[in-house]
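Written out as structure tokens, the structure is:
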């Protein structure tokens with residue numbers, strides 16, 4: 040990424056220039072479909088407790104849990120999120136959603152998804 044903002048006092052980058060890496064689901068995470076997931080860390084604090092990044096997924100359904108509390112802006116697509124307490128949110132391009140640390144969610148990606156996330160309250164260094 041040109042001008043990466045990773046751990047600098049001030050930095051700039053364009054999300055369009057981000058190079059994402061494949062992200063593999065855990066062995067028991069896939070529910071249905073054949074989703075292709077990609078992710079890139081755009082910023083990480085030195086102590087690893089805050090992580091910001093870009094995430095993409097093609098349609099499919101799978102389980103997710105986050106390493107910290109997360110705030111996410113949907114840049115593209117549609118996603119239906121069901122928490123293990125039964126609460127459901129249906130988010131689309133332009134929506135912001137939150138996820139709580141330690142909760143298991145079902146992600147049903149309905150349309151190709153791209154989102155920008157910030158995860159905080161992560162235990163120790165983020166990988």
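In the numbering used here, the protein residues as written are 40 to 166.
The C-beta atom is built at its ideal place from N, Cα and C for all residues, glycine as well.
What you are looking at is a predicted structure, and each value in this text was computed from that prediction instead of being measured.
I'd like the list of long-range same chain contacts for residue i, defined as Cβ closer than 8 Å, with 5 residues on each side in sequence excluded.
i	result
residue 63	76
residue 60	77, 78 and 79
residue 104	141, 142, 143 and 144
residue 128	119, 120 and 136
I believe residue i touches residue j by the beta-carbon criterion, under 8 Å. Please report the beta-carbon distance rounded to the nearest angstrom.
i	j	result
residue 148	residue 110	Residue 148 to residue 110, Cβ: 19 Å. No contact.
residue 123	residue 142	6 Å
residue 136	residue 120	7 Å
residue 71	residue 99	6 Å
residue 138	residue 130	Their Cβ separation, rounded to whole angstroms, is 11 Å, which puts residue 138 and residue 130 out of contact at 8 Å.
Starting from the C-beta of residue i, find all residues in its chain whose C-beta is less than 6 Å away, skip the five residues before and the five after it, and write them out in chain order.
i	result
residue 97	74, 75 and 151
residue 159	89, 107 and 108
What does DSSP give as the partner residues of residue i in its beta bridges?
i	result
residue 158	90 and 109
residue 97	DSSP lists no partner for residue 97.
residue 54	Paired residue(s): none; residue 54 is not in a bridge.
residue 80	92
residue 61	77
residue 70	According to DSSP, residue 70 bridges with nothing at all.
residue 129	119
residue 103	144
residue 135	112
I'd like the list of long-range same chain contacts for residue i, defined as Cβ closer than 7 Å, with 5 residues on each side in sequence excluded.
i	result
residue 69	101
residue 114	132, 153, 154 and 155
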